[in-house]
Structures are given as C-alpha cells and as structure tokens.
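Undergrad: Quick one: the structure is below, questions incoming.
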Amino acid sequence: MSRFLDNPLDPASSRLNQGFFRLSQGHLSLLSTCPRKFQHIYLDQLGLPTIPEEQQRQVLGTHFHQLLQQQELGLPIENLVQADPHLQRWFEAFTNSPPQMLAGNRQSEHQRSLCFRHYLLTGVYDLLILGQQQAQILDWKTYARPQNPQRLQQNWQTRLYLYLLAETSDYLPEQIFMTYWFAESRGNGAEPHSLSFTYTAALHNQTQKDLEHLLGSLTNWLETYSRGNLFPQVSLDLGECDGRHNRGNSGNSEASGCRFAIRCQRQGPSQTNIALPTMLDQIQELPL
Ligand code: SF4
Numbered sequence: 016m017s018r019f020l021d022n023p024l025d026p027a028s029s030r031l032n033q034g035f036f037r038l039s040q041g042h043l044s045l046l047s048t049c050p051r052k053f054q055h056i057y058l059d060q061l062g063l064p065t066i067p068e069e070q071q072r073q074v075l076g077t078h079f080h081q082l083l084q085q086q087e088l089g090l091p092i093e094n095l096v097q098a099d100p101h102l103q104r105w106f107e108a109f110t111n112s113p114p115q116m117l118a119g120n121r122q123s124e125h126q127r128s129l130c131f132r133h134y135l136l137t138g139v140y141d142l143l144i145l146g147q148q149q150a151q152i153l154d155w156k157t158y159a160r161p162q163n164p165q166r167l168q169q170n171w172q173t174r175l176y177l178y179l180l181a182e183t184s185d186y187l188p189e190q191i192f193m194t195y196w197f198a199e200s201r202g203n204g205a206e207p208h209s210l211s212f213t214y215t216a217a218l219h220n221q222t223q224k225d226l227e228h229l230l231g232s233l234t235n236w237l238e239t240y241s242r243g244n245l246f247p248q249v250s251l252d253l254g255e256c257d258g259r260h261n262r263g264n265s266g267n268s269e270a271s272g273c274r275f276a277i278r279c280q281r282q283g284p285s286q287t288n289i290a291l292p293t294m295l296d297q298i299q300e301l302p303l
C-alpha cells in the first residue's frame with residue numbers, strides 16, 4: 016500500500032492546497048471502511064508493527080509477484096521458485112491453471128495515475144495487456160478465490176483500477192475488463208483460479224460519483240482535522256465498528272478486533288455478532 020507523500024498537517028507546505036496527495040486503492044478502502052482508522056494510520060502514523068506470520072506472508076507475496084514479473088520479462092526464475100515451498104506450489108498452480116489472457120502489448124508492474132480534485136489517484140497493475148479491441152488488467156492474489164465475488168467487484172481495487180484505465184486510455188469502459196488470479200485452491204481444488212469482471216459506462220459513472228463523494232469528504236475531514244477535530248468514527252450500533260471484537264479468543268491479535276479500540280474508547284466485552292469483518296481485513300493487500 017502506498018503512503019501519503021506528505022503529512023497534510025505540515026503547516027509549512029500546506030499540501031492540501033497544492034494537490035500533492037497520492038491515494039491508492041488501499042487508502043480508498045480504508046477511508047470507506049472507517050475514516051477514523053484512516054486518520055490513525057496515515058495522519059497520526061500510529062500503525063503497529065506487523066506480527067511475524069503476517070510479515071512472512073507479505074514477503075512471500077512480494078516474492079511471488081517478483082517471480083511472475085521476472086517470468087514476464089524473460090529473466091531466470093529457477094532460484095526464486097526453489098526458494099520456498101509456497102512459491103513452488105503457487106507457481107505450479109499458475110503454470111497448470113493460468114488465467115485467460117488477451118493477445119496484445121503486455122506491460123508488467125504498470126503504474127497509472129490520474130489527478131482528481133486535490134489528489135493523485137494511482138494504481139499498479141501486476142500485468143496490463145493492451146489489445147486491438149480490448150484491454151485486460153490482471154492482478155495476482157496469493158489467497159483463495161473469495162466465496163462472494165461481488166464483494167471483490169465492489170472493492171476499491173477493482174473499481175479504481177478499471178476507472179483509471181478508462182480515464183487514461185482510448186478504451187471505452189465496455190472494452191476493459193479485470194482478471195484476478197488466485198494462487199490457493201479451496202475445497203477439492205475444482206474451483207477455477209481466475210475471476211474476471213467486465214466494465215460498463217454506468218459502472219464508470221458510478222465510480223466517478225463515489226470518488227467525488229469520498230474525496231470531497233476527505234477534503235472536509237482534512238480541513239477540520241487541521242483545526243484539531245478528529246475524523247468520524249464508524250457506528251458501533253450498525254455493526255460497522257469492529258472495536259469490540261474480543262481479540263483474546265482467537266490467540267491471534269490481528270485476527271479480529273480493531274487495533275485502535277482503546278484509543279477510540281470502543282474496547283470492551285464482545286457484543287453478540289455486533290461487528291462485521293471489514294473489506295480490507297478480508298482482502299489483504301500485498302506490497303509490491
Ligand atoms: S475502533 Fe471502530 S471507530 Fe475506532 S478506528 Fe477501529 S473501527 Fe474505526
């Protein structure tokens with residue numbers, strides 16, 4: 016996940032007025048999930064150290080992306096494949112069940128950016144294929160295909176990546192689609208490893224409206240934050256806040272509950288099914 020380029024509270028630079036904020040899909044997801052959590056992580060810089068298992072998983076994910084990038088560039092990959100059994104298994108799955116890919120100009124680790132209001136929206140495509148009539152965005156995930164594809168379609172990664180390409184190329188929305196490839200298998204392994212989402216002008220317009228609304232809110236929150244007010248919390252009563260999940264039961268402090276519960280004064284005994292998992296918790300982002 017990329018970070019803000021600068022601290023918006025820096026009075027000397029007043030970056031907000033200069034339009035220097037870079038926002039990735041991770042920022043948008045977090046903002047939509049809980050603005051206060053966004054504040055804690057990016058403005059207050061209160062991110063806690065990652066637990067070792069999560070760290071190891073992220074490193075493996077990064078290596079898998081490097082592996083596929085090197086293969087795409089025609090570079091040697093044997094040493095990387097042999098480095099870890101997970102990488103071997105995932106690469107074997109990719110070789111045996113690759114995603115369907117367009118014919119066209121292929122660009123690995125391709126970055127797209129777009130100025131939008133005071134912000135620079137950015138996305139890094141694991142692979143972009145530009146064909147004659149269509150364009151395909153591909154993204155590699157080292158977990159299993161989600162059981163509810165609609166949630167992935169509504170995730171900010173899907174929405175932002177499709178939006179960025181439509182805005183920064185000559186392709187019409189209907190000529191663009193995005194394919195996720197999942198390294199892990201669920202159940203008996205019969206499930207396909209890929210999942211594709213098409214795009215339309217209607218979806219594009221909706222994303223535009225949602226971006227305007229979300230980033231308009233962000234601008235207001237940043238301005239009030241600079242005057243000493245906090246970003247809004249999500250509702251406990253509506254089940255949007257996971258601050259009261261009992262973090263002790265799972266034995267894994269990252270498995271449930273918001274790490275900012277005490278700071279938000281949302282700590283306490285679990286309430287019956289009061290908290291829903293957040294989108295970001297379900298769809299971990301891999302650092303590239
Ligand atoms: S405790 Fe609730 S309101 Fe506070 S940051 Fe976490 S999710 Fe947001």
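Counting in my numbering, the sequence shown runs without a single skipped number right up to 303 at its last residue. Backbone N, C-alpha and C fix where the C-beta goes; we use that ideal spot for every residue, glycine too. As the structure is a prediction and not an experimental result, all values here were calculated from the model.
1) Any heavy atom of ligand 1 within a distance shorter than 8 Å of the CB on Ala210?
2) Rounded to a whole number of angstroms, what is the C-alpha to C-alpha distance between Gly272 and Gly146?
3) Can the beta-carbon of Leu180 be found less than 9 Å from the beta-carbon of Phe197?
4) Give me the DSSP bridge partner(s) of Ala108.
5) Roughly how many whole angstroms lie between the Cα atoms of Tyr178 and Tyr158?
6) Relative to the alpha-carbon of Thr194, which residue among Cys130, Thr213, Ser112, Gln282 has its alpha-carbon at the smallest distance?
7) Under 8 Å by Cβ, that's how I've got Arg51 and Leu245 pegged, so tell me the actual separation to the nearest angstrom.
8) Would you kindly work out how many angstroms separate the C-alpha atoms of His208 and Gln148, rounded to a whole number?
9) Is it the case that the CB of Leu251 approaches a heavy atom of ligand 1 more closely than 8 Å?
10) Is Trp171 near Gln73, with beta carbons less than 9 Å apart?
11) Evaluate the contact criterion for the segment 123-141 versus the segment 97-112: three or more CB pairs, one atom per stretch, below 8 Å.
12) Identify the residues that DSSP records as bridge partners of Ala276: which are they?
13) Can you tell me whether Gln248 sits near ligand 1, meaning its C-beta is under 8 Å from at least one heavy atom of the ligand?
14) Report buried or exposed for Arg166, applying the criterion of at least 16 other Cβ atoms within 10 angstroms of its Cβ.
15) How would you write the range of the alpha helix (DSSP H) that Ala217 sits in, first residue to last?
16) Among Phe36, Leu136, Arg174, Pro188, which residue has its Cα nearest to the Cα of Leu58?
17) Give, in chain order, every unbroken run of the beta strand (DSSP E) that is at least 3 residues long and sits entirely within the segment 152-212.
18) Using the rule of at least 16 other Cβ atoms within 10 Å of the residue's Cβ for burial, across every protein chain shown, is Arg201 buried or exposed?
19) Distance check for Ile92 and Asn220, CA to CA, integer angstroms please.
20) Using a Cβ-Cβ cutoff of less than 7 Å, which residues in the same chain neighbour Arg274 once the five nearest sequence positions on both sides are dropped?
21) Please state whether the Cβ-Cβ distance between Arg278 and Cys256 is less than 9 Å.
22) Cα separation between Glu68 and Thr77?
23) Ends of the alpha helix (DSSP H) at Val74?
24) My guess is that Leu136 and Leu218 are in contact by the Cβ rule of under 8 Å, so how many angstroms apart are they, rounded?
TA: So, to answer that:
1) The residue you asked about is not Ala; residue 210 is Leu in the sequence shown. Every heavy atom of ligand 1 is 8 Å or more from the Cβ of Leu210, so no.
2) CA-CA distance, Gly272 to Gly146, rounds to 44 Å.
3) No, these two residues do not count as a Cβ contact at 9 Å.
4) As computed with DSSP, Ala108 is found in no beta bridge at all.
5) Distance between the alpha carbons of Tyr178 and Tyr158 is about 24 Å.
6) Checked all of Cys130, Thr213, Ser112, Gln282; the closest Cα to Thr194 is Thr213.
7) With a Cβ gap of about 7 Å, Arg51 and Leu245 count as contacting.
8) If you draw a straight line from the Cα of His208 to the Cα of Gln148, it comes to about 25 Å.
9) Taking 8 Å as the cut-off, the C-beta of Leu251 counts as close to a heavy atom of ligand 1.
10) Against a cut-off of 9 Å, the Cβ pair of Gln73 and Trp171 comes out as no contact.
11) Judged by Cβ distances under 8 Å, the segment 123-141 makes no contact with the segment 97-112, as fewer than three pairs qualify.
12) The partner list for Ala276 (beta bridge, DSSP) is empty, contrary to what the question assumes.
13) Yes, since a heavy atom of ligand 1 falls inside the 8 Å radius drawn around the Cβ of Gln248.
14) Within a 10 Å sphere around the beta-carbon of Arg166 sit fewer than 16 other beta-carbons, which makes this residue exposed.
15) Residue range 216-240 is occupied by the alpha helix (DSSP H) that includes Ala217.
16) Check the Cα spacing between Leu58 and each of Phe36, Leu136, Arg174, Pro188: the tightest is with Phe36.
17) The segment 152-212 contains these whole beta strand (DSSP E) runs: 191-199.
18) Its Cβ having fewer than 16 others within 10 Å, Arg201 is exposed.
19) Straight-line Cα distance between these residues: approximately 41 Å.
20) Non-local beta-carbon contacts of Arg274 in its own chain, meaning distances under 7 Å to residues more than five positions away in sequence, involve Leu63 in chain order.
21) Cβ distance not < 9 Å, so Arg278 and Cys256 don't count as in contact.
22) Approximately 14 Å, taken between the alpha carbons.
23) Where Val74 is concerned, the enclosing alpha helix (DSSP H) stretches over 67-87.
24) About 16 Å separates the CB atoms of Leu136 and Leu218; that is not less than 8 Å, and the two are not in contact.
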